[in-house]
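One structure below.
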Amino acid sequence: MMGNPETSNLEDWWGIVDYAWSHAIISDETYKIVKDNCDFNSSDLWNDKTCADALNEMYKQYNAIDMY
Numbered sequence: 046m047m048g049n050p051e052t053s054n055l056e057d058w059w060g061i062v063d064y065a066w067s068h069a070i071i072s073d074e075t076y077k078i079v080k081d082n083c084d085f086n087s088s089d090l091w092n093d094k095t096c097a098d099a100l101n102e103m104y105k106q107y108n109a110i111d112m113y
């Protein structure tokens with residue numbers, strides 16, 4: 046394997062979500078909502094309001110972190 050291989054949307058999304066959950070960036074509740082409601086293989090991911098709200102909450106929590 047060379048460089049940064051392209052991965053699937055499913056792998057990319059779950060990588061972000063699992064990292065956020067395992068590093069206490071998102072709550073168990075938000076993680077469960079994402080797990081139960083988000084179909085990362087779907088091209089209509091953001092059309093599911095429950096999923097979109099949970100992902101927006103995840104990004105809100107990431108934005109609160111000053112990486113410097």
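In terms of the working numbering, the sequence shown has 98 at position 53, counting the first letter as 1, and numbering is strictly consecutive.
C-beta atoms are modelled at their ideal positions from N, C-alpha and C, and glycine is treated no differently.
Check	Outcome
If you drop the 5 nearest sequence neighbours on each side, which residues of the same chain put their C-beta closer than 8 Å to that of Tyr-104?	none
Return the first residue and the last residue of the alpha helix (DSSP H) that Ser-67 is part of.	54-67
Applying the criterion that 16 or more other CB atoms from any shown protein chain within 10 Å of the CB defines a buried residue, is Ala-109 buried or exposed?	exposed
In chain order, what residues of the same chain have a beta carbon less than 8 Å from the beta carbon of Asn-101, not counting five sequence neighbours either side?	none
Report all residues from its chain with a CB closer than 6 Å to the CB of Cys-96; omit the five preceding and five following residues, and keep chain order.	Asn-82 and Cys-83
Check the C-beta distance from Asn-92 over to Asn-54 and give it rounded, since I have them as a contact under 8 Å.	Between Asn-54 and Asn-92 the Cβ distance is about 15 Å, and since that is not below 8 Å, they are no contact.
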